[in-house]
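Chains as they are written, first to last, in our numbering: chain A, 0 to 500; chain B, 1288 to 1415.
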Amino acid sequence: MLPLYYHVPFFSIVLLMMTGILTSIIHSGKGAMAFHLTMSAFVCGANLWLLSILAPEGECFTYAAGILPHPWGNELAAGPLQAALAAAFAAVMFLCVLGGSREIFEDVEAEKQNLYFVMCDLILASLMAMVYTNDGFTAYVFIEINTIAACALVMAKDTGPTLVATIRYLMMSLLGSGMFLLGLTFTYYITGHLLLINIHEQMEQIIASGTYLIPVTVIMGLMTMGMCLKSALFPFHTWLPDAHGTATTSSSAILSGLVLKGYIVLLLKVIFCLFGEANYRAFHGGDILLAFGFAAMVVGSVRAMGETHIKRMIAYSSVAQIGYIYLGLGLGGRAAAAAAVYQILVHAFTKPLLFLCAGQLAAASGHRKQMYYLRGAGHRARLAGIGFTIGALSMIGLPLLGGFAVKFFLADAALASGWRMWLALAALAISSVLNALYYLPAVVQIWTIREHGEDDLPKLPRFSPGFAAAIAIVALAACSILLGIFCAPLGKLLSDGVALL
Amino acid sequence: MELLTTLWIQRYMVVSVLLFCIGAFSLVFNPNLIKKLIGFDLMDNAIYLMLTSAGYIDGRIAPIVTDFSAAPSAEHFVNPIPAGLVLTGIVVSVSVTAFALALVVRIYQKYHTVYLDVIMASMKKEVD
C-alpha cells in the first residue's frame, strides 16, 4: 500500500482533466469560475503538502501510472523541485483567473464563458503533467493539449487581431511540437525506450561507445529547438508580442506566467533526465542556449524600449526574461540550473502581476493602452499602480525583490564557469540597465500628476479594482517580495531539487 | 554503392525525413493558411510513418494471439508499442487540425481571405 502522498501527482493531473470535462457542462460562467478556482486551490494545497513531505528529507519517488511495471509502463516522477513548481503553477493560475475575472466576463461572449475556464483547467492539467511525467510520449501529448488550450485562451476575445495572433502562435507551436515529436521518434529508434530514465541509461552507453553520435546531435537539436520555439526564445519570439499583447488580461498573464514555463521545465528534464547534463554540455548544447539567451536578453529589452503599447512592452520584456532562464540553463552546473528555476518562479509571479496591473491601469484610463494615455493612472487606480511599481522594480532587480535574487544567483553561478562568466556578467549588467530604461519611464508616467488643461485628455474618475482583483494583486506582489526576501532557503530548496532530478 | 544500400535499408526513414521537411517548409513559408495546415499534417504523418516502420520487423505478424495451446512467444510478433504511439499521435493531430481549421474559418469570415500576408497587410491598414 503506497502512502497517500504518492498519489498527489497523478491525481493532480486527473482531477484537473476531470474538472475540465465537468466544467464544459456547467452553463453559468460564474459557476465555472468558482469550480475552477476551487480545484486549482485544492491542487495547489495538495502539492504544497507533498512539498512539505519531500523537501526536508530530499525524497523523490516514481509512481507507476497504470498496471504495467517499470520499463514498459507509464511513469510519473516527483521530487521537491517538481512539487514546488506544481504548487507555484497552480497558485499563479488561481491568481491570474481571480485577478482578470472582470475582464474575462467583459471580453468573452456570455454563452462561451464556461469554455474559457475549461481551457484554464486543461492548461493547468497539462502543466502538471509536463512537470511530473517521466515519459517522453506522454510529455508530447500534453504539449499538444497545452498548445490548443493556450491558443483558445488567446482567441477568447474573438476580435480580428486576436484571431490572427492565434493562428501565428498556433503555426509556430505546431512546428515546435512536431520537432519535439521527431526528436522523440529518433530517440525511440536508437534507444528503444520512452521513459526518460531508461533513455538516459541507453544514451550513456551510446555516447560512451561513440556510435550514433550524429543522431544524438540531431535529437538534441530537434528537442531543444522545439522547446525554444514554443517558449519564445529569441529569434523565435516573433509571435509572442501579438499573442500576449492583444489577448484579454487573464490570458496574457497565464500565457506569459505559466504556458512558456511549462516547456522550459520540460527542456530542463530533457537536459537533466534524458541526456544527462554532462552529455548535453559535451555536445555544446549549453553554449548554444547561452548565446541565444544572451541575445534574447538584449533584443527583448531593446524592442520593449520602442513600444508605446503597455501590454506589448510587457510582452517584449517576457522575451528578455525568458533569456535569463536560458542563460541559467546554458551556464551549466547545478547552481546555474537552480538559478534558472528560480527565475521561472519569479517570472511566474511577477509577470502576471504586471499584466493584471497594466490591465487595471488601462481600464482606469478609458481602456486605452498607449503609454501617453496612462499618465497619472497610478493615482486613479492606486493598488494597480503600486503593484505595477513593485513588479517593474523586481524586473529591474532592486534588492529585496525576486528579480534581484535571480540576478544574484545567476551571477554567483557564473563565477564558477570560466570564460562564460564574462558573457553572463555582461548580459546581466546590460540587461539590468536596459530593463531600467523602459520600466522606469513607465513607472514615472503612471505616477505623474496631470495638470488641468495640460493636454487634451478628458478628466477620468477614480477606478475601483474590485475585490477579487485586489486580492490577486496583493497576493502576487507579496509573493514577488517574499521570493526576494527568502531567497536563501528557497534557493537551497531548488538547488537540492535540481540535484535530485 | 554502399551509400545506396544504406539508403535502401533506411528507405522509410529517408522518405519520412523528406516528407517532414516538405511539410515543415510549407508550414513556415506558405502564405496560404490551408496549405500551412496541409503541411502540418504532412509533417506529422511523416513521423507516424517513421514510427510505424520502427516497430515493423520483416517476416513477423501483428501481435494478436490466436493459438492458445502454446504459450505465445514474442519472437513471432512485430513491436506493438510504436503502433500504439501512432494511434495516440493521430488522435492528437486530428484534434489540432480540427481546431486550426475552425480558426481558419473564423479568420476567413473576418478578413475574406486565407492568405496570411494579405491579412497582415489589411491589419496594418486597420492600425493606421
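Ideal placement from N, C-alpha and C gives every residue a C-beta, glycine not left out. In this text the structure is predicted, and so the values were computed from the model without any measurement.
- Distances from the CA of PHE348 of chain A to each of A:LEU114, A:ALA242, A:PHE462, A:ALA474 were compared; the closest alpha carbon is that of A:ALA474.
- Three or more beta-carbon pairs separated by less than 8 Å are not found between the region 352-360 of chain A and the region 330-343 of chain A, which leaves the two stretches without contact.
- Residue environment analysis places SER39 of chain A among the buried positions, since at least 16 neighbouring C-beta atoms fall within 10 angstroms of its C-beta.
- Taking a Cβ-Cβ threshold of 7 Å, the residues of chain A close to ARG1393 of chain B are LEU162, in chain order.
- At a cut-off of 3 residues, not a single continuous stretch assigned as beta strand (DSSP E) sits fully inside the region 327-373 of chain A.
- When 8 Å is used as the limit between beta carbons, PHE136 of chain A is near these residues of chain B: LEU1372, THR1375, in chain order.
- Assignment of ALA63 of chain A by DSSP, reduced to helix, strand and coil, places it in the strand class.
- Each of B:LEU1305, B:THR1293, B:VAL1315 was checked against the Cα of LEU169 of chain A, and the nearest Cα belongs to B:VAL1315.
- Between LEU1324 of chain B and ALA1385 of chain B the beta-carbon gap is near 10 Å, outside 8 Å, which marks them as no contact.
- At a cut-off of 8 Å between beta-carbon atoms, LEU1320 of chain B makes contact with chain A.
- With the rule of 3 Cβ pairs closer than 8 Å, the region 27-42 of chain A counts as touching the region 101-120 of chain A.
- Taking all protein chains in view, the Cβ of TYR371 of chain A is surrounded by fewer than 16 other Cβ atoms within 10 Å, so the residue is classified as exposed.
- Per the DSSP secondary-structure output, ASN1319 of chain B pairs in a beta bridge with B:TYR1402.
- Boundaries of the beta strand (DSSP E) harbouring LEU75 of chain A: 74-77, taken from the DSSP string.
- Under the Cβ distance rule, VAL140 of chain A counts among the residues neighbouring chain B, one pair being separated by less than 8 Å.
- Under the 8 Å criterion on CB atoms, LEU1290 of chain B is classed as non-interfacial with respect to chain A.
- Excluding five sequence positions before and after GLY465 of chain A, the CB atoms of its chain that fall closer than 6 Å to its own CB belong to ARG101, given in chain order.
- In the DSSP assignment, no residue is bridged to HIS378 of chain A.
- With a beta-carbon spacing of about 31 Å, LEU424 of chain A and GLY78 of chain A fall beyond the 8 Å limit used to define contacts.
- When DSSP assignments are scanned along the region 267-325 of chain A, no uninterrupted stretch of beta strand (DSSP E) that is 3 or more residues long falls wholly within it.
- At a cut-off of 8 Å between beta-carbon atoms, TYR437 of chain A makes no contact with chain B.
- When DSSP states are grouped into helix, strand and coil, PHE485 of chain A belongs to the coil group.
- For the C-beta of VAL1315 of chain B, the chain A residues within less than 8 Å are, from N- to C-terminus, MET170, LEU174.
- With fewer than 16 other CB atoms across the displayed protein chains lying within 10 angstroms of its CB, HIS366 of chain A is exposed.
- Taking a Cβ-Cβ cut-off of 7 Å, LYS1412 of chain B has no neighbours in chain A, whose nearest Cβ is about 11 Å from it.
- With a contact defined as Cβ atoms closer than 8 Å, MET129 of chain A and VAL264 of chain A qualify at about 6 Å.
- Sequence-ordered contacts of the region 1345-1370 of chain B with chain A read ASN1366, ILE1368, PRO1369 [C-beta pairs closer than 9 Å].
- With contacts defined by Cβ atoms closer than 8 Å, LEU94 of chain A and SER250 of chain A do not form a contacting pair.
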